[in-house]
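Visitor: Counting the sequence shown from 1 gives a position; the numbering used here is that position plus 2. Every residue gets a Cβ at the ideal spot worked out from N, C-alpha and C, and that includes glycine.
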Amino acid sequence: MARNKEFNEQAVLDKAMELFWLQGYEKTSISELVEHTGIHRKSLYDTFTDKHSLFLRSIDRFGEKVNRSLAAGVQQAGTAGEALAFVLDYMICGEQDMPPGCMLVNAATELAVRDAEADDKSRAGFLRTEQLLRKIVERGQLEGEFDTRFSVEELARYLHNGLVGLRVLARTSIPKEELQEIARLSVELLKMPDK
3 MARNKEFNEQ AVLDKAMELF WLQGYEKTSI SELVEHTGIH RKSLYDTFTD KHSLFLRSID
63 RFGEKVNRSL AAGVQQAGTA GEALAFVLDY MICGEQDMPP GCMLVNAATE LAVRDAEADD
123 KSRAGFLRTE QLLRKIVERG QLEGEFDTRF SVEELARYLH NGLVGLRVLA RTSIPKEELQ
183 EIARLSVELL KMPDK
């Protein structure tokens, strides 16, 4: 007779995500995952198959959480400029109890060159962020808030590149105020000259 799981799979996934996010894939051992998640090694393997599968599921979980938060913040913003400022600030500060930086950026820089699945997950996550930026830029251009000298696609790619840089810098000891100044300037550079 099969036993019921004695743990919440999503809670375990959140704890594994946090550990991978903080330490990276290579530096995180199965023993640390067992200790950090609070489940037995056998349960970990029975539920998630192996460390790599758990890592890929953790990336998915990261994407779900971040995308949900970004979508809610953008929807509440009154203007495109406010929406963009929210996204930039979120990338710098994240949420309370979240590690600094970005798990997708970490995965891409650590594994993308040699792990096709991690590369695919990172690229898909980056594309979702770029699509969100595209919608914000399009809104700003349609409402006359953002400059139209460059296409929506060009500006979205440019902004995404800046976001990746902010995510990397957010893991360093650079003061958040410096990063927020970069974010403020990014929004100002998109505005129409008379705005």
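Per DSSP, Lys193 is paired with what?
Guide: Phe148
Visitor: Which of the three DSSP states, helix, strand or coil, is assigned to Ser31?
Guide: Reduced to three states, the DSSP call for Ser31 is coil.
Visitor: Any idea what DSSP makes of His54, helix, strand or coil?
Guide: helix
Visitor: Here's the rule I'm using: 16 or more other beta-carbon atoms within 10 Å means buried, otherwise exposed. How should Met3 be labelled?
Guide: With a pLDDT of 42 at Met3, under the threshold of 50, the modelled position of that residue is not reliable, and the figure given next carries that caveat. With fewer than 16 other Cβ atoms within 10 Å, it is exposed.
Visitor: Report the residue from Arg116, Met100 and His54 whose alpha carbon sits nearest the alpha carbon of Ser31.
Guide: His54
Visitor: Taking Met105 as part of the alpha helix (DSSP H), name the residues at either end of that continuous run.
Guide: Unbroken alpha helix (DSSP H) run through Met105: Met105 to Leu113.
Visitor: I'd like the ranges of any alpha helix (DSSP H) spanning at least 4 consecutive residues and lying wholly in the segment 154–194.
Guide: 154–171 and 178–192
Visitor: What residue from Phe128, Gly164 and Ala18 has the CA that sits closest to Pro101's CA?
Guide: Ala18
Visitor: In terms of alpha-carbon separation, which member of Gly127, Asp149, Glu112 and Phe64 lies closest to Gly96?
Guide: Phe64
Visitor: Would Val189 and Leu86 qualify as a contact pair, given that the criterion is a beta-carbon distance under 8 Å?
Guide: Pairing Val189 with Leu86 gives a Cβ-Cβ distance under 8 Å.
Visitor: Buried or exposed, going by whether 16 or more other CB atoms sit within 10 Å of the CB of Gln133?
Guide: exposed
Visitor: Using three-state DSSP, classify Phe9 as helix, strand or coil.
Guide: coil
Visitor: State whether the segment 141–158 contacts the segment 110–128, with contact taken as three or more CB pairs (one from each stretch) at a distance under 8 Å.
Guide: Using a Cβ-Cβ distance cut-off of 8 Å, the segment 141–158 and the segment 110–128 are not in contact, since fewer than three pairs of beta carbons, one from each stretch, lie closer than that value.
Visitor: Looking at the structure shown, is Ala79 part of a helix, part of a strand, or coil, going by DSSP?
Guide: coil
Visitor: For Glu37, name the three-state secondary structure that DSSP assigns.
Guide: helix
Visitor: Could you give the DSSP three-state label for Gly127: helix, strand or coil?
Guide: helix
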